[in-house]
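Per UniProt numbering: the sequence shown ends with 146, consecutive numbering throughout.
Yeah, the Cβ is synthetic: ideal placement off N, Cα and C, and Gly gets one too.
Below is one structure; the comments refer to it alone.
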Amino acid sequence: MEINNNLNYKNIINSDFYKNDLSISDNKSTVNTTTDSIEINETDFNVINTKKAYDAFKDANKGEVGDNSVLYAIIKDMMKDDGIDVPDFTSNNTTAFLPFIDKMKEYAKNLMTDPNYHQVGAMPLTDEFLEFCDLFKEKLIQYDCK
């Protein structure tokens, strides 16, 4: 075992990794290491946030309130038609999901009392959708989505 350890140590000492990333100063006996960093610009942040929101949406639809994706799409389109900024699950999305879901829940509450909503042949809107909005919001927070 001792021989293997010595060989491994010699391989590490002679490796490019060791030579490039670690420098030992003869004068001070200190070790400097390089670190990696990543810079995320606004576009990357929006893509990451949209992916988190999509994952939260999928999880919320698997929850105890069932699949509400059709109602979500209908209400989102109605909100968009009314001039409200709505997020979508595309890479160029710039609208925040977390504040939007609260707006959607309020919008849905108003639709529940609007007789014209049901006359256009839309799916019935029940408290289950409001519960879905709450669950989706919980998932957005859980996924650290903005």
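- Judged by beta-carbon spacing, residue 129 lies within the 8 Å limit of residue 108, meaning their Cβ atoms are closer than that value.
- Looking at the backbone, the Cα of residue 96 and that of residue 140 are separated by about 11 Å.
- For residue 108, the enclosing alpha helix (DSSP H) begins and ends at 97-112.
- Assignment of residue 65 by DSSP, reduced to helix, strand and coil, places it in the coil class.
- The residue among 117, 44, 46, 58 with its C-alpha nearest the C-alpha of residue 137 is 58.
- Less than 8 Å separates the beta-carbon of residue 87 from that of residue 53.
- Non-local C-beta neighbours of residue 143 in its own chain, meaning closer than 7 Å and more than five positions away in sequence, comprise 52, 55, 56, ordered along the chain.
- Residue 60 and residue 68 have their C-alpha atoms some 9 Å from each other.
- Within 10 angstroms of the beta-carbon of residue 104 lie 16 or more other beta-carbons, which makes it buried.
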